[in-house]
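Heads up, the sequence shown is in my numbering, so the first residue is 18 and it goes up one at a time.
Shown next, in structure tokens, is the structure this report addresses.
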Amino acid sequence: MSTSIAVLGASGYVGSALCAHVLRSGILEPGDRLQLVGHGEPSSYGRLLAIRADLLDAFDDLRVSIDVAPQLEDIEADLVVLTAGVPMPPGCTDRRVMGRGNLPIFRDIANACGKHLPTATYLVVSNPVELAVQELSRTIDRKRIIGIGAEQDSLRFARSIARSLGISRHDVHASVWGEHGRHMIPMWHSVRLRGDDDKVFKLFSELEWSAQQKPLMERVANLQEASLLYLQNEDIASAYHLVEAALPDARIFIEPFVTASAIHSTPNATANAVLNIIRAWKEDDGRCVHAQVMLQGELHDISCPFGVPVSVGSKGWILHPNGDSHNVSREELDASIRGIQDALADASAPLSDLWERSIANA
């Protein structure tokens, strides 16, 4: 049976790069379909036609159908990847700033998807990912809404650990829970290493012990302050060297901050996380990935969009049985939940409320 994947926002930088990664990955087979979806404007449609021609020149040998849909109402898809939305403003490193601009976009998409594609599975790339997951879950079965931020953060945590140990990320499994942002929770107890090198296991134990000696957020704040001094002098290389010398859990907070000072999106890392989840969805084999999903009390009484380990398949997501949920502290969970709920409230708050809140937090 053929597979049809639609990319909403395919005319954007991240969306168009993602289309190329999907085709290059071999996930789609001859007879499958990739749809590039616009938002009804002539300029968007024209750009999508140009992107389609470029993709056909590169990948037509795959015999995958590449089509352009001028607007969401024109598509039929098993899997919809949402990359549409207002991008991060130049110089901004807080995804929450995008919330107010993207809320009406997410609501329009949610209403259209709920009407025209209620049984598709949705992968949310757009940020703030928790806000998009919440809005889509208002019109579509929440079990079919999967935010990819937690997978990207977990891959970044695994890479940081692997780099500190001098091994490949392929040999490291690690989980990051919570918000895709400053309230994420790197789960040291989730880390699993392949192999039998005693030196590597000993070095990892030393890393984990070192991380417990000072509170994570204190280390993150100190690292951000130090890296900012370099960035203010436009010395990005020194900022990266500083971050790479930090412990892996703090590194995953600040390395994106440094990256955002030079480029405003990470299309390759984003595409890699999306591809991991598409493979899991297509194989439907129970493998563990990580996602922001709309919880309703299934785990630790959490009732908001939250990053956790899941399995995904044709019927959507379920919590993964090996999620190490017993090793996360209530304090960490509550801090992340509050951060997510505050961000969701900020996105829909009147300007006067936002102003008062900013003064109170100053």
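All C-beta atoms, glycine included, are put in the ideal place defined by N, C-alpha and C.
Checklist line | Whole-angstrom C-beta distance between S328 and H317, which should lie under 8 Å | finding: Contact between H317 and S328 fails: their C-beta atoms lie close to 18 Å from each other, not under 8 Å.
Check: On the three-pair Cβ rule with 8 Å, is the region 120-139 touching the region 78-89?
Finding: These segments touch.
Notebook entry, point to check: Could you give the distance in angstroms between the alpha-carbon of D301 and the alpha-carbon of F274?
Noted result: The C-alpha of F274 is placed about 34 Å away from the C-alpha of D301.
Next item on the list: Go ahead and pull the three-state DSSP assignment for P203.
Entry: Three-state result, P203: strand.
Next item on the list: State the start and end residues of the unbroken beta strand (DSSP E) segment that holds G195.
Entry: Residues V189 to G195.
Next item on the list: Please name the residue in A279, N285, I280 and S331 whose C-alpha comes closest to that of A297.
Entry: Ranking the options by Cα distance to A297, first place goes to S331.
Margin query: Check this for me: beta carbons of G166 and G333, under 8 Å apart or not?
Written below: No, Cβ-Cβ distance for G166 and G333 is not below 8 Å.
Next item on the list: Express the C-alpha separation of A263 and R380 in angstroms, rounding to a whole number.
Entry: The structure shown does not extend to residue 380, since the chain is modelled only from 18 to 379, so the question has no answer here.
Checklist line | Under the three-state DSSP convention, the category V103 falls into | finding: Residue state, collapsed to three classes: coil.
Next item on the list: Output the boundary residues of the alpha helix (DSSP H) element that contains I269.
Entry: Counting along the chain, the alpha helix (DSSP H) containing I269 begins and ends at P265 to A277.
Note to self: Using only the alpha-carbon positions, how far apart do A34 and G48 sit?
What the structure shows: The straight-line gap from Cα to Cα measures roughly 22 Å.
Notebook entry, point to check: Counting Cβ pairs, one atom from each stretch, are 3 or more of them under 8 Å apart for the region 211-226 and the region 243-251?
Noted result: Output reads no: the region 243-251 does not touch the region 211-226.
Check: Where do the ends of the alpha helix (DSSP H) carrying T287 lie?
Finding: Element bounds for T287: P284 to E300.
Notebook entry, point to check: How should K231 be labelled, buried or exposed, when 16 other C-beta atoms within 10 angstroms of its C-beta is the threshold for buried?
Noted result: K231 sits exposed, since fewer than 16 C-beta atoms from the chains shown fall within 10 Å of its C-beta.
Item checked: Reduced DSSP category for I83 - H, G, I as helix; E, B as strand; rest coil -> If DSSP states are grouped into helix, strand and coil, I83 belongs with the strands.
Next item on the list: Give the single residue among R41, I319, A288 and I68 whose Cα lies nearest to the Cα of W194.
Entry: Looking only at R41, I319, A288 and I68, the smallest Cα-Cα distance to W194 is reached by I319.
Checklist line | Limits of the beta strand (DSSP E) - the one that G356 falls within | finding: It is not in any beta strand (DSSP E) - G356 instead sits in the alpha helix (DSSP H) that spans R347 to S365.
Item checked: Beta-carbon separation (whole angstroms), V142 vs T100, contact threshold 8 Å -> Between T100 and V142 the Cβ distance is about 5 Å, and since that is below 8 Å, they are a contact.
Note to self: Using a 10 Å radius around the Cβ and a threshold of 16 neighbouring Cβ atoms, would you call W205 buried or exposed?
What the structure shows: Buried is the call here.
Checklist line | Bounding residues of the beta strand (DSSP E) (the contiguous stretch that carries I162) | finding: Per DSSP, the unbroken beta strand (DSSP E) holding I162 starts and ends at I162 to G164.
Notebook entry, point to check: Does the Cβ of I295 have 16 or more other Cβ atoms within 10 Å, making it buried, or fewer, making it exposed?
Noted result: Flag for I295 reads buried.
Note to self: Assuming contact is defined by CB atoms lying nearer than 8 Å, are C36 and L25 in contact in what I supplied?
What the structure shows: Going by C-beta atoms, C36 is not nearer than 8 Å to L25.
Item checked: Minimum C-alpha distance to G198 - residue among F270, E46, H281 and F76 -> That would be F270, whose Cα lies nearest to the Cα of G198.
Next item on the list: Keeping to the same chain, check which residues put their C-beta closer than 7 Å to that of E272; ignore five residues upstream and five downstream.
Entry: Sequence-distant partners of E272 (beyond 5 residues in either direction) whose C-beta falls short of 7 Å from its own C-beta, in its chain, are V260.
Note to self: The alpha helix (DSSP H) that contains L41, what's its start and end?
What the structure shows: Before going on, a small fix: residue 41 reads as Arg here, not Leu. Looking at the DSSP string, the run of the alpha helix (DSSP H) that includes R41 is Y30 to S42.
Note to self: According to DSSP, simplified to helix, strand and coil, what is V142?
What the structure shows: DSSP places V142 in coil when its eight states are reduced to three.
Margin query: Alpha carbons only, please: which of R80, L153 and D77 is nearest the one belonging to M311?
Written below: Of the listed residues, the one whose Cα sits closest to M311 is L153.
Next item on the list: Quickly, what does DSSP pair M311 with across the bridge? List them, please.
Entry: Residue pairing by DSSP places M311 opposite P322 in a beta bridge.
Check: Which partner residues of Q52 appear in the DSSP bridge assignment?
Finding: Its beta-bridge partners are A23 and D84.
Check: According to the neighbour-count rule (16 or more other Cβ atoms, all chains shown, within 10 Å of its Cβ), is G168 buried or exposed?
Finding: It is worth fixing the name first, because residue 168 is Glu in this sequence and not Gly. With 16 or more Cβ atoms within 10 Å of its Cβ, E168 is classed as buried.
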